[in-house]
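Peer 1:
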Amino acid sequence: MRSLLLMVGAALVLSACSSANLKPPRELEPLAEPEVRIESLWSGQAGRGVGEQYLHLPVRHHEQTGYAADYQGYVKAFELATGKLQWERQTDLELATGAVYDNGRLYFGTRQGEVVALSADDGEILWRAEVSSEVIAAPAVADGTVVARTNDGKLFALEADSGARRWVYDRSVPALTLRGNSAPVIANDLVIAGSDNGRLSALVLSNGSVFWETAISYPSGKTELERMIDIDADPVVVGDVVYAVTYQGRLAAVDISSGRIVWARDMSSYTGMAVDDYRIYLSDSEGQVLALNRRNGATLWRQDKLLRRSVTRPQLDGPYLVVADYDGYLHWLLRESGELAGRARINAGFYLMTDEYDGYDPAFRKENNVLTRPLVAGERVIAVDRKGYLAAFGRAE
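Right under this line is the structure:
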């Protein structure tokens with residue numbers, strides 16, 4: 000029982016310093032001459048969002064269809080180009096992850112301790128599988144197997160067709176952790192998963208046996224807060240290398256065949272990474288956006304103008320990176336230099352795209368908090384805020 004679990008939001012991650020020393024978010028500086036002009040393409044509503052819950056419900060897509068969900072179980076499918084509704088369904092489930100598409104199905108984790116599969120054609124529930132605790136990290140799907148990480152540290156492998164259990168891997172969880180989990184990744188017939196004790200594991204997909212386990216970081220300090228080294232950012236696999244980062248610890252490049260650490264450097268992040276042919280891009284726990292050399296982890300550039308704005312994991316958008324912040328702003332940065340090149344904001348005026356939510360309620364919108372990473376789909380960037388407001392943006396020619 001994790002009686003001492005610390006329910007920490009990504010916007011308010013605690014450090015060893017006292018709350019009196021916490022500084023406010025950095026004020027945004029005007030972009031006098033933006034390099035790229037961002038235009039609004041369409042907007043709408045994706046249910047009630049996450050409300051006051053600390054959950055990540057990112058918009059996902061498959062081909063030309065987007066999928067959005069809220070914490071009360073509402074799921075919608077829409078056209079990426081126009082936002083036009085394709086179907087909607089109220090599942091009456093406490094959804095805790097965004098949709099994961101595979102072979103005509105959408106997979107979700109729930110706060111009720113279940114993994115569920117829906118039809119991607121109409122949202123019909125196909126099966127529900129009980130697991131040991133809530134699932135707040137997106138499942139991974141490959142080769143007919145769904146792998147989900149539960150909040151008590153277990154990994155469950157389920158049949159993708161039926162939800163029948165294949166295997167379970169159990170590992171201990173520290174008493175004090177961040178409120179969040181990294182999602183498992185399936186690559187090279189292995190399940191790559193980070194844990195709250197700073198260790199990265201590779202399990203054989205077919206049977207759950209441990210292939211290797213590596214400590215990315217080790218706890219240090221006198222207090223439980225100082226010793227928190229959660230891997231909450233999703234590992235990223237590129238070729239034969241896995242990149243993983245911990246909170247208050249290290250970023251490491253790990254050989255996928257052996258678990259050997261190729262290189263490591265001090266770093267603290269909980270949001271995640273994007274990787275291209277040459278660089279790793281990440282947002283650290285202070286809100287700085289960095290580009291690092293993939294070969295050795297050396298810093299190539301650092302952007303600190305978004306300091307303490309709780310920026311999300313960077314997303315690749317052509318020659319740019321896109322991050323969202325706590326106040327509803329999306330920022331485009333040049334991948335080459337980190338220079339801020341464009342900006343847009345999810346605005347407060349909106350219309351509702353479903354009969355279930357059929358009116359404007361001023362009390363429904365108090366602020367524009369973007370809580371999860373935006374989706375880059377082709378030439379569109381789609382963002383959702385904590386109240387479920389959905390908007391698509393594009394770079395003007």
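In case it helps, our numbering puts the sequence shown at residues 0 to 396.
Glycine is no exception: its CB is placed at the ideal position from the N, C-alpha and C atoms.
Every value quoted in this text rests on a predicted model; they were computed, and no experiment measured them.
1) Compute the Euclidean distance between the alpha carbons of F107 and A31, then round it to the nearest angstrom.
2) Using a Cβ-Cβ cut-off of 7 Å, state whether E133 counts as contacting chain D.
3) Quick check on this structure: which residue in L305, R385 and R379 has the alpha carbon closest to the alpha carbon of A391?
4) Using the C-alpha atoms, what's the distance from Q111 back to W166?
5) Suppose the cutoff is 6 Å on Cβ atoms and the five residues either side in sequence are ignored; what does the same chain contact list for T96 look like?
6) Apart from the five residues on each side of it in sequence, which residues of its chain come closer than 6 Å, Cβ to Cβ, to A182?
7) If we ignore side chains and look at the alpha-carbon of each, how far apart do T81 and L339 end up?
8) For a quick check, are the C-beta atoms of G327 and V35 less than 7 Å apart?
9) Please check the pair V114 and V140, which I expect to be a contact at CB under 8 Å, by giving their CB distance rounded to whole angstroms.
10) Applying the 10 Å Cβ sphere with the 16-neighbour rule, what's the burial state of D229?
11) If you follow the beta strand (DSSP E) that H330 is in, where does it begin and where does it stop?
12) Measuring alpha carbon to alpha carbon, tell me which of R394, E51, V240 and H330 ends up nearest V184.
13) Who are the near neighbours of H61 in its chain, counting only those whose CB is closer than 6 Å to its CB and skipping five residues on each side?
14) Counting C-beta neighbours from all protein chains within 10 Å, is the total for D360 16 or more, i.e. buried, or is it exposed?
15) Within the chosen definition, does the segment 306-320 reach the segment 286-293 through at least 3 CB pairs nearer than 8 Å?
16) Could you check where the beta strand (DSSP E) with G79 kicks off and where it finishes?
17) So, for P173: in the same chain, excluding its five sequence neighbours on each side, which residues have a beta-carbon less than 7 Å away from its beta-carbon?
Peer 2: Answer, in terms of the structure:
1) When only Cα atoms are considered, F107 and A31 end up about 43 Å apart.
2) This model lacks chain D altogether, as it is built from one protein chain only.
3) Residue nearest to A391 within the set L305, R385 and R379 is R379 (criterion: CA-CA distance).
4) Cα to Cα, the separation comes out at about 20 Å.
5) Counting only Cβ-Cβ distances below 6 Å, and skipping sequence neighbours, we find F107, G108 and A137.
6) Around A182: A136, A137 and D233.
7) Using only the alpha carbons, I get a separation of about 28 Å.
8) Against a cut-off of 7 Å, the Cβ pair of V35 and G327 comes out as no contact.
9) Not quite, the Cβ-Cβ distance comes to about 10 Å (not below 8 Å), so this is no contact.
10) Flag for D229 reads buried.
11) Per DSSP, H330 belongs to the beta strand (DSSP E) from Y328 to L333.
12) Checked all of R394, E51, V240 and H330; the closest Cα to V184 is V240.
13) A distance below 6 Å between beta-carbons, with the five flanking residues on each side excluded, links H61 to the following residues of its chain, in chain order: Y100.
14) For D360, the predicted model reports a pLDDT of 41, less than 50, meaning its position is unreliable; a value from the coordinates is still stated below. D360 is classed as exposed because its beta carbon has fewer than 16 other beta carbons within 10 Å across all chains shown.
15) Yes: the two stretches touch, three or more of their Cβ pairs being nearer than 8 Å.
16) One detail in the question is off: residue 79 reads as Leu in this sequence, not Gly. Counting along the chain, no beta strand (DSSP E) covers L79, and no H or E run does either.
17) Only weak support exists for where P173 lies, its pLDDT of 45 falling under 50; the value from the coordinates is given anyway. D195 and N196, listed in sequence order.
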